Each structure stands twice: as structure tokens, then as C-alpha cells.
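Numbered according to my numbering, the sequence shown terminates at residue 125, and the numbering increases by one at each position without gaps. Yeah, the Cβ is synthetic: ideal placement off N, Cα and C, and Gly gets one too. Quick caveat: nothing in here was measured; it's all calculated off a predicted structure.
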Amino acid sequence: MRRRLIPVNVVIAALLFILLSLEPDQTKPPAAVMERGKTVYTKECLTCHQADGLGVQRMNPPLAKTEWVLGPKARLIKIVVNGLTDPIEIDGDTFHNPMPPHPHLTDQQVADVLTYVRNSFGNKASAVTIREVKKVRAEKKS
């Protein structure tokens, strides 16, 4: 009986496929990021947006399952860093309270709190990175 050898490239390809399929879920942020984000949220955001992220009717907008939170990250970063004075509409409701700018937050804190918000209150979205925050801040300066 003759033995057949499996070509090396087939073995390597199979191993790579197995290893890549074992990679952890990239959409779930690390627990440390979520904890840091929750700390910032509690200190900076909770008063207006509430513990449940549902805000205050006609005053402070909800953060739960809205396009403002789940949509473009750059827009959300700009709101946190620069504030927002214009009323916004969400699901037919208009919210009038201005959001103050938070330029005192570090890039890490902004990334963490927005990652927390984008993955809390029933939300599930990609993490905000320090690089993305730095880019938005740099655009403001130019």
C-alpha cells in the first residue's frame, strides 16, 4: 500500500484557516475599555443622558439605538469634543439642550466613552479608536 503525502502548502493553508477562525470577536470591545468608558460616562454624561442612555424628553437626546450614536464615528467625536448647540431630531422628537464641549477629555477618554456608548443601551457598533479621535481634533485645528 502506497502512502500519499499532503502538500505542505495545503497543510499551511488549513492551519491558517483554523487560526483565523479562532480569532476573538473583533466587534466586542475589551472589558477594560468598557470599564474606562463607563467611568467617563458616569462622570461626564450620565446627568443629561441618564443611567439608561434614554436622555430626557425634548431636552437631552437618547443614546440608545440612534443613528447619531451608531452612525459615522467622526460626527460623534466632533459632538463630544466641540459640543452641539443646534437642536437635533431623533425619531420625530426634537431635543433642544445644547451639549457643552468636552475638550478637557483626553483622546483615550473620548475613545473609551464613545466605545462604551456605542456598545451599551442596546447598541452594538465598532469601537472608536484614539487614532480616530486624534484625526478629528487635527481637522478642527486646520
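Range of the contiguous alpha helix (DSSP H) that encloses Thr25 = Reading the sequence shown from its first residue, position 42 is the one you call residue 25. Ala14 to Glu27 is the extent of the alpha helix (DSSP H) around Thr25.
Residue span of the alpha helix (DSSP H) that contains Thr98, given as start and end = Stepping through the sequence shown from its first residue, residue 98 is reached at position 115. Run containing Thr98: Asp90 to Arg101, per the alpha helix (DSSP H) assignment.
inquiry  = Between the alpha carbons of Phe78 and Pro55, how many angstroms are there, rounded?
reply    = In the sequence shown, residue 78 corresponds to position 95, counting from 1. In the sequence shown, residue 55 corresponds to position 72, counting from 1. Our two residues, Phe78 and Pro55, have alpha carbons roughly 20 Å apart in a direct line.
task = Compare the Cα-Cα distances from Thr68 to each of Lys118, Pro81 and Val93 and report the closest residue.
result = Reading the sequence shown from its first residue, position 85 is the one you call residue 68. Of the candidates Lys118, Pro81 and Val93, the one whose C-alpha sits nearest the C-alpha of Thr68 is Pro81.
ask   = For Val119, which of Val64, Pro83, Thr25 and Asp95 has the nearest alpha-carbon?
value = In the sequence shown, the residue the question calls residue 119 occupies position 136. Nearest of Val64, Pro83, Thr25 and Asp95 to Val119, Cα basis: Val64.
task = Can you give me the Cβ contacts of Ala108 inside the same chain, cut-off strictly under 7 Å, excluding the 5 residues immediately before and after it?
result = Here residue 108 refers to the residue found at position 125 when the sequence shown is read from its first residue. Counting only Cβ-Cβ distances below 7 Å, and skipping sequence neighbours, we find Leu53, Arg101 and Asn102.
inquiry  = Suppose you measure from the CA of Trp51 to the CA of Leu59; what does that come to, to the nearest Å?
reply    = Within the sequence shown, numbered from 1, the residue matching residue 51 stands at position 68. Within the sequence shown, numbered from 1, the residue matching residue 59 stands at position 76. For Trp51 and Leu59, the distance between alpha carbons rounds to 7 Å.
ask   = Taking C-beta to C-beta, are Gln92 and Ile113 nearer than 7 Å?
value = Stepping through the sequence shown from its first residue, residue 92 is reached at position 109. Stepping through the sequence shown from its first residue, residue 113 is reached at position 130. No.
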